[in-house]
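Written out below as structure tokens is the structure these notes cover.
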Amino acid sequence: MNRPTTTSNGHRRVMRRRRTRLLLALATLAAAPDAAAQGCPRADAPADDPLVTVRYLASDALEGRRAGSSGEACAADYVAGEFQRLGLVPGGEDGTFFQRVPLASAANPHAPAGTGRNVVAILEGADPALRQEVLVIGAHVDHLGRGGFGSLAPDEKDAIHNGADDNASGIAALLQIARELARGPRPARSLVFVAFTGEELGLLGSAYYAAHPVAPLERTRAMLNLDMVGRLGSKPVLIYGTGTALEWGEIVGRAAREEKIDFADKPDGFGPSDHTSFYARDIPVLHFFTNVHEDYHRPSDDWQKIDRDGIRRIAQLVVHIARDVAARPAALALQRGAGTPPGTGGPGYGAYLGTIPDFTPVERGVRLTGVRAGSPAAAAGIRAGDIIIRFEQRDIADLQAFTDALRAHKPGDTVRITVLRDGAEVILDATLGSRSAGN
595 MNRPTTTSNG HRRVMRRRRT RLLLALATLA AAPDAAAQGC PRADAPADDP LVTVRYLASD
655 ALEGRRAGSS GEACAADYVA GEFQRLGLVP GGEDGTFFQR VPLASAANPH APAGTGRNVV
715 AILEGADPAL RQEVLVIGAH VDHLGRGGFG SLAPDEKDAI HNGADDNASG IAALLQIARE
775 LARGPRPARS LVFVAFTGEE LGLLGSAYYA AHPVAPLERT RAMLNLDMVG RLGSKPVLIY
835 GTGTALEWGE IVGRAAREEK IDFADKPDGF GPSDHTSFYA RDIPVLHFFT NVHEDYHRPS
895 DDWQKIDRDG IRRIAQLVVH IARDVAARPA ALALQRGAGT PPGTGGPGYG AYLGTIPDFT
955 PVERGVRLTG VRAGSPAAAA GIRAGDIIIR FEQRDIADLQ AFTDALRAHK PGDTVRITVL
1015 RDGAEVILDA TLGSRSAGN
């Protein structure tokens, strides 16, 4: 047989590339379900407009997207369909976009049985040396369903809590960001986009992802979280976590100037959203947030109140930051101890205990996801899963009561703390520290 000519070699390479693209397209089609076949309502149009996404996710048809519900399943299918449309690679189980997350939890009796689903997609990096490192960009897809536990409108029985701002807005921004970054140029590092389940039940989806990541956490360079970004208006966007990496001030400031958006930076890396699951594992984080409002966790959080252009502006800011982080030759310099969760004696509180609240409402007290190593809480024997119900003689009803009780003391005070552990009351003594003493 004659040796192939250069022309035929080139033709074969082109055909191989075409076959590879076709196989990838077919595999991606198989990875995302047909929403209509699942009994889900169809979206009016592709989600190039963030308000289209918000209106779909916050529609009554999805009944508030409570974790594990059919409405949340439809929301997850919708996100997977959009990831598929953008040509992203499935990052879930068995070649799909989905990562199943157990919801039942001994720590939260209000969590339902069964599973929710994280939706995970990958944009592979272009640099052969850096593509094994990843930047995670996420937003939670679940909300409160028909109210009940977690609702701030307990008298409105069985009312659908549509969660337009919390957090259909974050998912809309996530899809805008994925769309812009997928258009190219492709970043050096890989990007992992995640729509988390179970945030309202105690950060379950993000905690599960952090325990079962697409890439090992030691190769995860940062996490950017979008939660409640739909009410910007003329206000600055709040950006939490700016103290978690040495370079964040420079990166965020430059991006905000170029995108002409005002921001208020908050150094704390902990908070009541999914970035906490990553900072707790020593990953630099940023959390983008347009602040709470009177519709928070109420049936009145509807799409008509959403600022479409505000979502676009915040999404573009995150795109700018993501491109910067993905292109940097070196990893960000993690800063540990970048603030502490509310109620743990961070800067401005004086006394320091070192507990990390769960942020999931409980019937009484404050449940903990953990304690900081070497803290007074750790020395006292306080553990993850404990529920603080009494601080000295003060009953602790909620996080605010805990914060107030801690503020009433000073470093060096020894306090008696009562916790619920496995249904029994346990009394522990803790000697409070101070931030300035290195705690």
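Residue numbers for the sequence shown follow my numbering, beginning at 595 and rising by one.
Think of the CB as a built atom: it goes at the ideal place given N, C-alpha and C, for glycine as much as any other residue.
Bear in mind the structure is a predicted one, so any value in this text is a computation, not a measurement.
Exercise. In chain order, what residues of the same chain have a beta carbon less than 7 Å from the beta carbon of R1010, not counting five sequence neighbours either side?
Worked result: So the list reads E986, I1021 and D1023, once near-sequence residues are dropped.
Exercise. I think L775 touches L768, with their Cβ atoms under 8 Å apart; what is that distance to the nearest whole Å?
Worked result: With a beta-carbon spacing of about 11 Å, L775 and L768 fall beyond the 8 Å limit used to define contacts.
Exercise. What is the residue span of the beta strand (DSSP E) that R660 lies within?
Worked result: First-last for R660: undefined, no H or E at that position.
Exercise. Alpha carbon to alpha carbon, how far is D721 from A782?
Worked result: In this model, D721 and A782 are separated by some 5 Å (Cα to Cα).
Exercise. By DSSP, does L775 sit in helix, in strand, or in coil?
Worked result: If DSSP states are grouped into helix, strand and coil, L775 belongs with the helices.
For this session: Tell whether a beta-carbon distance below 8 Å holds between G847 and G863.
Result: Going by C-beta atoms, G847 is not nearer than 8 Å to G863.
Problem set entry | Between the CA atoms of A973 and I905 - distance to the nearest angstrom | Taking the straight line from one Cα to the other gives about 44 Å.
Problem set entry | Residue of P807, A766 and P878 minimising C-alpha distance to D821 | Selected option, being the one with the closest Cα: A766.
Exercise. Which residues bound the beta strand (DSSP E) around Q693?
Worked result: Per DSSP, Q693 belongs to the beta strand (DSSP E) from F692 to P696.
Exercise. Any idea what DSSP makes of V735, helix, strand or coil?
Worked result: Secondary structure of V735 (DSSP, three-state): coil.
Exercise. Can the beta-carbon of D876 be found less than 8 Å from the beta-carbon of L797?
Worked result: Not a contact, by the Cβ cut-off of 8 Å.
Problem set entry | Option in D903, L926, F883 and I845 with minimal Cα separation from P866 | Looking from the CA of P866, the closest CA among D903, L926, F883 and I845 belongs to F883.
Problem set entry | Three-way DSSP call (helix, strand, coil) for Y890 in this model | In the structure shown, Y890 sits in coil (DSSP, three-state: anything other than H, G, I, E or B).
For this session: Starting from the C-beta of P830, find all residues in its chain whose C-beta is less than 6 Å away, skip the five residues before and the five after it, and write them out in chain order.
Result: Annotation for P830: D856, F857 and A858 place their beta carbon closer than 6 Å to its own, counting only its chain and skipping 5 residues before and after.
Exercise. What separation, rounded to the nearest whole angstrom, lies between the Cα atoms of I845 and T1012?
Worked result: A direct Cα-to-Cα measurement between I845 and T1012 gives close to 43 Å.
Problem set entry | Buried versus exposed, by CB contacts within 10 Å (16 or more), V886 | It is exposed - the Cβ of V886 has fewer than 16 other Cβ atoms within 10 Å.
For this session: Identify whether T1026 lies in helix, strand or coil by the three-state DSSP scheme.
Result: The residue asked about is misnamed: residue 1026 is Leu in this sequence, not Thr. L1026 falls in the coil class under three-state DSSP.
Problem set entry | Contacts around R988, its chain only, beta-carbon distance under 6 Å, and the 5 residues preceding and following it disregarded | Same-chain partners within the cutoff: A999.
Problem set entry | Residues near E750 in its chain [Cβ-Cβ closer than 6 Å; skip 5 each side] | Taking C-beta separations shorter than 6 Å and ignoring five residues to either side along the sequence, the partners of E750 in its chain run P893, following chain order.
For this session: In angstroms with no decimal places, state the Cα-to-Cα distance between G710 and T1008.
Result: The straight-line gap from Cα to Cα measures roughly 42 Å.
Exercise. Out of H914, R966 and Q910, which has the shortest C-alpha to C-alpha gap to A932?
Worked result: For the residues H914, R966 and Q910, the minimum Cα distance to A932 belongs to R966.
For this session: For my contact list, A753 and A762 are in at a C-beta cut-off of 8 Å; report their separation, rounded to the angstrom.
Result: Contact check for A753 and A762: beta-carbon distance about 17 Å, past the 8 Å limit, so the pair fails to qualify.
For this session: With a 10 Å radius around its C-beta and 16 neighbouring C-beta atoms as the bar for buried, classify R659 as buried or exposed.
Result: Here R659 is buried, its C-beta having at least 16 other C-beta atoms within 10 Å.
Problem set entry | L926 in three-state terms, based on DSSP | In this structure, L926 counts as coil in the three-state DSSP scheme.
Problem set entry | R636, buried or exposed, once every other Cβ within 10 Å from all chains shown has been counted against 16 | By the Cβ neighbour-count rule, R636 is exposed, with fewer than 16 other Cβ atoms within 10 Å of its own.
Exercise. Is it true that the CB of A715 sits closer than 8 Å to the CB of G685?
Worked result: Here G685 is near A715, since their CB atoms are less than 8 Å apart.
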